[in-house]
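So the structure is just underneath, and the comments pick up after that.
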Amino acid sequence: MGSCEGKVVWITGAGSGIGRGCAVRLAHEGADVCVSDVDLEGARETAELVRAEGRKAEVVACNVASHEQVQAAADQCAEALGGLDLVVANAGIGRGGSVLEMSAKDWQDQVDINLTGVFFTVQAAAQRMVRAGSGGRIVCISSLAAENCGAMLWGYSATKAGVRIMVRGWGQELGPHGITVNAVGPGIIDTPLAAGLAGEEGGAIRESVEARLPARRVGTPADVAGVVSFLCGPDGSYVTGDYLIVDGGLRDAGTPGMPSNPDDPRMAELGRAMVAGEQRRVKLQKLIDN
Ligand code: NAD
């Protein structure tokens, strides 16, 4: 029997990367999954992967920056799948930029999605869990960036540090209701969001990152999903208000240097990652703004 047998999990941003990894892992552990995202194409693909694990999947369109949409998604999830036991507040974006140039829109989108969106999601889930009276598990995806910061990253770090500290207060408030609330801090995980940092498989960027990492590899969504699954299962029942880093040792391994010499093979790879990232950003920005 899986560790989440008979449970219902709602995962925001489940149409890609870490959210998708969590959906597949928790389905494997026996949970039915509410797959919510602004990207319905990605969400439908994830739902198919959940069904391939033999579990039910419900696809729900939801922009976590909208209080109304988040409340409606929580209701849809509970109605379609018969309750709400576990939540992974995962949806997030990365908007790096210099303090001299960061646009007000990028700042606001990042705060609305990464910080306020996590609050809206946790509030909607906790309200229903408390009403149902059968406890629950809430996992918020923060980042190693909650404690490591640097040039261009400070805005993202601020939102992730906010999540890291909020779970401590929520753990205090929701503990008496049998609900645990924790944050997970991934390092560099191979997803579209981190394409520039993780580099391509076999590429020069990835090689230099992996040479520095004690684990000698970048992380996978499955690495993060394993920790989320622990927090959602019986072995995680006495852990609350915590922040668990999943980074292969990156925190103390220094920041991978970015190439400055145009002949460095990492330059070409970085250029490809930036073009792909820009194309994805344009697509996602339209979905977020609608
Ligand atoms: P990803 O881009 O692959 O997936 C993010 C998903 O969130 C996408 O499907 C996207 O459509 C969705 N999304 C974006 N804005 C949304 C919104 N407003 N409402 C609903 N859905 C929205 O990225 P990922 O790497 O899987 O990131 C997942 C989480 O993990 C994020 O919170 C991210 O900050 C965090 N994280 C990622 C890494 C990494 O290295 N990949 C490291 C630390 C933390």
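Going by numbering that gives the first Met the number 0, the sequence shown opens with residue 0, and the numbers climb by one from there. Where a beta carbon is used, it is the ideal one built from N, C-alpha and C, also for glycine.
Going by CA-CA distance only, name the one from the options that's closest to residue i.
i    : options                : result
G82  : I204, K55, T45         : K55
M0   : V7, E28, W9            : E28
G20  : V227, Y242, L286, A275 : V227
N289 : A46, A51, C61          : C61
H176 : R130, R163, A144       : R130
V86  : R280, C231, Q107       : C231
I17  : D36, S207, D251, E4    : D36
A193 : A182, V183, R205       : R205
A26  : S259, G218, I10, A144  : I10
V57  : V281, V183, R43, Y242  : It should be noted that the sequence gives Glu, not Val, for residue 57. Minimum Cα distance to E57 is reached at R43.
A182 : D251, E52, A252, N89   : N89
P258 : L80, V162, G195, L48   : G195
R216 : D189, Y242, Y237       : D189
Y242 : G41, A103, R167        : R167
Could you tell me the alpha carbon to alpha carbon distance between residue i and residue j, rounded to whole angstroms?
i    : j    : result
S97  : M151 : 5 Å
R76  : N147 : Note that residue 76 is Cys in the sequence shown, not Arg. About 35 Å.
G202 : E209 : 11 Å
P264 : G14  : 32 Å
E200 : L249 : 18 Å
S311 : A221 : Past the edges of the chain, shown from 0 to 289, lies residue 311, and the structure says nothing about it.
A272 : T158 : 24 Å
G134 : M165 : 19 Å
G186 : W153 : 16 Å
C33  : L283 : 20 Å
G184 : R163 : 8 Å
G253 : E268 : 21 Å
V59  : L39  : 8 Å
L212 : D262 : 24 Å
V245 : T115 : 23 Å
G218 : A197 : 9 Å
S65  : N260 : 43 Å
D105 : R50  : 36 Å
A46  : D108 : 27 Å
D251 : I287 : 35 Å
E52  : S102 : 43 Å
Output the boundary residues of the alpha helix (DSSP H) element that contains residue i.
i    : result
L99  : L99 -> no alpha helix (DSSP H), and no H or E assigned at all.
E57  : Here E57 belongs to no alpha helix (DSSP H); instead the beta strand (DSSP E) covers 56-60.
V226 : 220-231
A51  : 39-51
Y237 : Looking at the DSSP string, Y237 is not in any alpha helix (DSSP H), and its letter there is neither H nor E.
C21  : 16-27
T217 : What sits at residue 217 in the sequence shown is Val, not Thr. It is not in any alpha helix (DSSP H) - V217 carries neither H nor E in the DSSP assignment.
L269 : 264-288
I10  : Unbroken run through I10 is the beta strand (DSSP E), 7-11; no alpha helix (DSSP H).
Near residue i, which residues of its chain fall below 8 Å by C-beta distance, leaving aside the five closest residues on each side in sequence?
i    : result
P233 : S2
A123 : V69, Q70, A72, A73
W169 : V121, A125, I137, V180, G240
Please work out which residues of its chain come closer than 7 Å, Cβ to Cβ, to residue i, disregarding the five sequence neighbours upstream and downstream, and give them in chain order.
i    : result
G91  : G12, I112, N113, I140
G174 : T239
R127 : A73, A77, L83
V110 : T158
F119 : V63, H66, V69
In its own chain, which residues sit with a C-beta less than 6 Å from the C-beta of residue i, not counting the 5 before and 5 after it?
i    : result
A214 : G247, G248
G132 : none
G93  : Y155, L192
E160 : The amino acid occupying residue 160 in the given sequence is Ala; Glu does not appear at that position. Contacts found: A145.
A224 : G20, C21, R24
A79  : E57
E67  : none
G235 : F229
D31  : V7, R54, K55, L80
E277 : none
Under DSSP, the beta strand (DSSP E) around residue i begins and ends at which residues?
i    : result
R136 : 135-140
D31  : 31-36
P258 : Per DSSP, P258 belongs to no beta strand (DSSP E) and is neither H nor E.
A88  : 85-88
L243 : 242-245
T179 : 178-185
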